[in-house]
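>
2 protein chains.
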Amino acid sequence: MAGRIARAERAGTTRESILAAAERLFAEHGVFAVSNRQVSEAAGQGNNAAVGYHFGTKADLVRAIVRRHTERTERLRLRMLAEIGDSSDVRDWLACLVRPSAEHLAALGDLTWYGRFGAQVMTDPVLREIMVEESLTSPALHRVLDGLNRCLPDLPAEVRAERGDMARQLMVHMYAERERALAEGTPTPRSNWHDAATGLIDALVGLWLAPVTPCP
Amino acid sequence: MAGRIARAERAGTTRESILAAAERLFAEHGVFAVSNRQVSEAAGQGNNAAVGYHFGTKADLVRAIVRRHTERTERLRLRMLAEIGDSSDVRDWLACLVRPSAEHLAALGDLTWYGRFGAQVMTDPVLREIMVEESLTSPALHRVLDGLNRCLPDLPAEVRAERGDMARQLMVHMYAERERALAEGTPTPRSNWHDAATGLIDALVGLWLAPVTPCP
Chain P
17 MAGRIARAER AGTTRESILA AAERLFAEHG VFAVSNRQVS EAAGQGNNAA
67 VGYHFGTKAD LVRAIVRRHT ERTERLRLRM LAEIGDSSDV RDWLACLVRP
117 SAEHLAALGD LTWYGRFGAQ VMTDPVLREI MVEESLTSPA LHRVLDGLNR
167 CLPDLPAEVR AERGDMARQL MVHMYAERER ALAEGTPTPR SNWHDAATGL
217 IDALVGLWLA PVTPCP
Chain Y
17 MAGRIARAER AGTTRESILA AAERLFAEHG VFAVSNRQVS EAAGQGNNAA
67 VGYHFGTKAD LVRAIVRRHT ERTERLRLRM LAEIGDSSDV RDWLACLVRP
117 SAEHLAALGD LTWYGRFGAQ VMTDPVLREI MVEESLTSPA LHRVLDGLNR
167 CLPDLPAEVR AERGDMARQL MVHMYAERER ALAEGTPTPR SNWHDAATGL
217 IDALVGLWLA PVTPCP
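So the sequences go chain by chain: P and Y.
Each residue of the first sequence is one higher than the one before, counting from 17 in the working numbering.
Each residue of the second sequence is one higher than the one before, counting from 17 in the working numbering.
1) Using a Cβ-Cβ distance cut-off of 9 Å, determine whether Cys167(Y) contacts chain P.
2) Restricting to Cα atoms, I'd like to know which of Arg95(P), Arg206(P), Arg194(P) is closest to Leu157(P).
3) Ignore the nearest five residues each way along the sequence and tell me which others in Ala235(Y)'s own chain have a CB closer than 6 Å to its CB.
4) Smallest Cα separation from Glu149(P): which of Tyr191(P), Gly201(P), Glu57(P), Asp76(P)?
5) Are the C-beta atoms of Gln54(P) and some chain Y residue less than 9 Å apart?
6) Please confirm if the region 220-228 of chain P is in contact with the region 210-223 of chain Y, defined as three or more CB-CB distances below 8 Å between the two stretches.
7) Could you tell me which chain A residues have their CB closer than 7 Å to the CB of Arg179(Y), listed as they occur along the chain?
8) DSSP three-state call for Ala59(P): helix, strand or coil?
9) Just verifying my parser: in three-state terms, what is the DSSP assignment at Cys231(P)?
10) For a test of the three-state rule: what should DSSP assign to Phe48(Y), helix, strand or coil?
11) May I have a chain-ordered list of the alpha helix (DSSP H) segments no shorter than 4 residues that lie completely inside the region 100-165 of chain P?
12) Helix, strand or coil for Asp170(Y)? Go by DSSP, reduced to three states.
13) Please tell me whether Ala122(Y) has its Cβ less than 9 Å away from any Cβ of chain P.
14) So that I know if they touch, is there some Cβ in chain P lying closer than 9 Å to that of Trp224(Y)?
15) Give the interface partners of His70(Y) over in chain P, defined as CB-CB distance under 7 Å, in chain order.
16) Give the range of the alpha helix (DSSP H) segment to which Gly201(P) is assigned.
17) How many Å lie between Ser103(Y) and Arg159(Y) at the Cα?
18) Which chain P residues are close to Ala140(Y), counting only those with a beta carbon under 8 Å from its beta carbon?
19) Check whether chain P comes within 9 Å of Asp170(Y), counting only Cβ atoms and requiring the distance to be less than that.
20) Going by beta carbon distance, what residues of the same chain come within less than 6 Å of Ala192(P), once the five residues before and after it are set aside?
21) Is it the case that the CB of Phe42(Y) approaches a heavy atom of the ligand ADP more closely than 8 Å?
22) I believe Val47(Y) touches Ser56(Y) by the beta-carbon criterion, under 8 Å. Please report the beta-carbon distance rounded to the nearest angstrom.
23) Strictly below 8 Å CB to CB, what residues from chain P border Met96(Y)?
24) Under the rule that 16 or more other beta-carbon atoms within 10 Å means buried, what is Arg194(P), buried or exposed?
25) Would you mind working out which of Thr204(Y), Met182(Y), Ile146(Y) sits nearest Val78(Y), comparing C-alpha positions?
26) Hey, Leu124(P) and Leu198(P): beta-carbon distance below 9 Å or not?
27) Would you kindly work out how many angstroms separate the C-alpha atoms of Leu4(Y) and Val106(Y), rounded to a whole number?
28) Work out the CA separation of Gln61(P) and Arg31(P) for me, nearest whole Å.
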């Protein structure tokens with residue numbers, strides 16, 4: 017019994033170190049440029065097949081990394097939702113959309129990798145489905161999008177759809193770019209994640225409420 | 017002499033078919049997932065080392081693809097600049113920023129690959145430098161950014177910088193996503209590239225002119 021618990025704990029630690037090593041290597045060198053063997057080595061696993069044993073394919077590994085982070089942003093988003101109730105201010109809903117990822121990255125410490133990892137996954141023709149599937153299962157995100165829709169002005173369906181896409185693209189790529197600048201020591205427009213999120217919320221309020229040019 | 021010209025023409029055709037094959041494979045399968053050997057084969061080259069012979073490394077190949085397209089968008093942008101003169105309307109300058117890529121993609125035909133290719137390059141930690149270097153050498157783009165800056169309201173430098181980043185991200189990723197949807201036969205918010213650009217210009221006008229929340 018004690019032996020079984022010790023084995024389970026050891027497996028948990030191994031999984032954690034593989035996830036951390038994979039996220040870092042993927043962010044810095046690219047998801048496809050890094051082999052499972054390199055991840056196993058960086059995670060300090062003597063056995064080069066450790067990734068396969070614990071996670072399966074590279075897609076499975078990517079999904080496990082995504083899931084580890086979405087669990088935490090989900091909790092942050094639920095807390096913010098409880099605070100704004102049924103607000104009718106577009107800005108409140110955009111804050112619930114944008115702040116949780118920024119807060120999560122801020123809480124992870126000075127150097128993070130998930131922003132760059134996420135941007136690669138969202139841009140890859142195959143891996144992006146994983147991100148989409150995982151975020152579709154987020155009840156908090158659905159509530160945010162419902163709330164936002166309720167207090168937006170009347171917009172043509174196509175404009176609503178494209179502005180939703182734009183908001184998502186900006187969240188993914190602006191945070192990834194900020195993370196990259198921090199890692200490389202190059203300048204970033206804002207000095208912390210909170211202010212970066214504020215800048216993004218300001219811009220998204222303008223984007224969502226912008227007048228629409230009719231297309232014939 | 018005639019032999020030398022024939023050889024040069026043959027090399028030009030070979031280069032063209034390699035560039036076209038590489039762009040398509042990179043867009044569909046990912047820049048890092050595709051080998052130079054696969055590109056050579058898809059380009060109908062009996063010699064598997066054709067890519068290396070004609071272009072050098074994968075980074076050189078990526079740069080050649082980028083350059084082939086930026087030459088054409090540069091011409092489209094210069095023509096638009098001549099039309100708007102020294103306009104003081106933010107919208108005119110944003111149109112010069114956003115329309116040339118959309119017009120270029122529209123002119124390439126029903127199925128294109130450069131949008132998805134470009135988004136991957138811009139997100140990759142190493143390859144993005146190629147795109148940045150190539151666009152830095154565009155006089156037309158510099159004139160657009162100068163013109164835009166002249167007619168924007170007074171904004172804090174950090175806000176100006178981050179909104180510039182946002183505009184760039186949206187151009188790259190919204191067009192890539194539209195191209196992907198067309199290739200996969202999934203719905204897109206707009207029925208053509210011109211209207212997609214109009215939607216993006218509307219959104220960017222709102223984004224650039226949005227009120228700024230002061231950060232302490």
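The beta-carbon is built from N, C-alpha and C at its ideal position, and this holds for glycine as well.
Just so we're clear, the structure is a prediction, and the values are computed from it rather than from any experiment.
Inspection of the coordinates gives the following:
1) no
2) Among Arg95(P), Arg206(P), Arg194(P), the Cα nearest to that of Leu157(P) is on Arg95(P).
3) As displayed, chain Y neither begins before 17 nor continues past 232, which places residue 235(Y) out of reach and without an answer.
4) Asp76(P)
5) no
6) yes
7) Structure shown: chain A not included; protein chains present are P and Y.
8) coil
9) coil
10) coil
11) Entirely contained in the region 100-165 of chain P, the alpha helix (DSSP H) runs reaching 4 residues are, in chain order, 106-124, 130-139, 144-152.
12) Residue state, collapsed to three classes: coil.
13) So no, Ala122(Y) is outside the interface.
14) yes
15) Ordered by position in chain P, no residue passes the 7 Å Cβ test against His70(Y), which lies about 23 Å from the chain.
16) That residue, Gly201(P), is in no alpha helix (DSSP H); it is neither H nor E in DSSP.
17) 12 Å
18) This sequence places Asp at residue 140(Y); Ala is not what is there. Under the 8 Å cutoff, chain P gives Gly46, Gln136.
19) no
20) Gly131, Arg132, Ala135
21) The ligand content of the structure shown is nil, which means the ligand ADP is not present either.
22) The pair is not a contact, with the Cβ atoms about 16 Å apart (cut-off 8 Å).
23) Those within 8 Å of Met96(Y) in chain P number zero; the least Cβ separation is about 17 Å.
24) When all chains shown are included, Arg194(P) counts as buried.
25) Ranking the options by Cα distance to Val78(Y), first place goes to Ile146(Y).
26) no
27) Beyond the ends of chain Y as shown, which are 17 and 232, falls residue 4(Y); an answer cannot be given.
28) Per the coordinates, the alpha-carbon of Arg31(P) lies some 10 Å from the alpha-carbon of Gln61(P).
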